[in-house]
Structure formats: C-alpha cells, structure tokens
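Trainee:
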Amino acid sequence: MKLWHIDSSILGDNSASRALSAKIVAQETAKHPGLEVTYLDLAAEPLAHLSPGHVAAMFGQPATDPAVAADFARGSACIDTLFAADIVVIGAPMYNFGLSTQLKALFDRLLIAGKTFQYGQDGVPFGLVPADKRVIVASSRGGVYSAGSPAAGLDHQETHLTALLNFIGLKDIVFIRAEGLALPGQREPAMLRAEAEINRL
C-alpha cells in the first residue's frame, strides 16, 4: 500500500495540522506494515502560483520559461503520486476562512482536464481519480466554524477542500478537526479531542 502525506501549514513545529497529520500517518503505518509513505511539504517546497505560462502548458503549449517547465513537471509528478496512493493524508489549516495558498497551488496542479477529471458530452464534469482511495484531512482552525456554530457560514476551508476532492472523484473523506485553537484555554482540549478521533479511525 502507498500513502501520500501532504503538509501545507507555514507554522512549522507550532502547527496543529502538522502535529495531527503526523499522528494520522504514524497510526496508518502501524495498521499497514510495509506502507510506503511519500511526503510533500508545501511550505518548505512550495509550488508556484499559476501564471500564463502554466496555463499555456496545461493546454499543450511548450513551456519556454525553465522555471515554469520545472514547476509544471512537479505538478505532473504530483498527479502520478495521487493516482498511485491508496491513502492521502492532508494537513490543512484554515487561513482567513480558506485554504492556505500553498495547498491551493497544489490543487491548481491536480485539477487538470483529461487527467483527473473530464467533461462528458452533456458538459457535466466527472472525476477520473479512482474513488476507492481514502482521504484523511487534519483540519485546524483558530475559531469555531463547524456545522451549527454561529460562524459556520465562514468555513471556506473544509467546504472548498471537499469540493475539490469530490470534483476529481474522491468521496471517501474523513476530517479530523481541531478548532477554537486561538481561543483562551481551548488549544489543548481541542488537540486532545482530535487525537481521540485519530485513535478511532
């Protein structure tokens, strides 16, 4: 079996999502002897944001800028890693109600027509990534945005990530959530609750 471990927090050792994603990977490794783990740290080695050169390359034009060509090749390698993985673990912090720009840049490489999704004759898109993969997301937020909370309408992090994954065919998604981390006295109990959820996976 293969697992793709993705971290996107810019906070290093202070990151809640990194701590939780590491625990998830450790548990999956213990459950599946011989599990092959590929690690991608999007803060340490970020993908570039989309440029006209990237878009041209997506539509088959040769990349004349060496930096764009190298970055586009990295994106293609990420697609290969996604298809090869049985389990995908994503560390996904909320920044200003949404995904980190580092994680968004990765999905700008993963959502490629003809590779990870396709438009049918009726114009309706469908995913090309095998749906039997499991995605486990370590989600961290400073405030409380889960369903039923007063600020739930501001959650453009988990909702956006779910939409992106569903669009390419991935439906088996589990969120391990630590929220309220910036509230007084809430970080430790929030992390303990998230770790308990990991233990129940």
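Quick note on my numbering: the sequence shown kicks off at 197 and runs consecutively.
Ideal Cβ positions, reconstructed from N, Cα and C, are used throughout, including at glycine.
From a predicted model like this one, the values you see are computed outputs, not experimental measurements.
Could you pull the start and end residues of the beta strand (DSSP E) that residue 272 belongs to?
Mentor: Segment 262-280 is the alpha helix (DSSP H) holding residue 272; no beta strand (DSSP E) there.
Trainee: Below 8 Å on the Cβ atoms is my guess for residue 278 versus residue 325; work out the distance and round it to an integer in Å.
Mentor: That belief holds up - the Cβ atoms of residue 278 and residue 325 are roughly 6 Å apart, short of 8 Å.
Trainee: Provide the residue span of the beta strand (DSSP E) that contains residue 232, from first to last.
Mentor: 232-237
Trainee: If you draw a straight line from the alpha carbon of residue 265 to that of residue 352, how long is it in whole angstroms?
Mentor: 31 Å
Trainee: Using 8 Å as the threshold, is the C-beta distance between residue 330 and residue 276 below it?
Mentor: no
Trainee: Check whether the Cβ atoms of residue 206 and residue 296 lie closer than 8 Å to each other.
Mentor: yes
Trainee: Note down, one range per segment and in chain order, each beta strand (DSSP E) of at least 3 residues found wholly within the region 348-387.
Mentor: 368-374
Trainee: Use the C-beta contact count for residue 268: other C-beta atoms within 10 angstroms, 16 or more gives buried, fewer gives exposed.
Mentor: With 16 or more other Cβ atoms inside 10 Å of its own Cβ, residue 268 counts as buried.
Trainee: Closer than 8 Å is the cut-off here; do at least three beta carbon pairs connect the region 219-233 with the region 241-253?
Mentor: no
Trainee: In whole angstroms, what is the alpha-carbon distance linking residue 220 and residue 389?
Mentor: 14 Å
Trainee: Considering only DSSP beta bridges, list what residue 327 is partnered with.
Mentor: Bridge partners of residue 327: none, in fact.
Trainee: With DSSP as the reference, label residue 206 as helix, strand or coil.
Mentor: coil
Trainee: Is DSSP giving residue 404 helix, strand or coil here?
Mentor: Residue 404 cannot be examined here, being either before or after the span of the chain that is shown, 197 to 397.
Trainee: Would you list the one or two residues that DSSP bridges to residue 283?
Mentor: 199 and 330
Trainee: Looking at residue 393 and residue 372, is the spacing between their C-beta atoms short of 8 Å?
Mentor: yes
Trainee: Is residue 255 helix, strand or coil when you go by DSSP?
Mentor: coil
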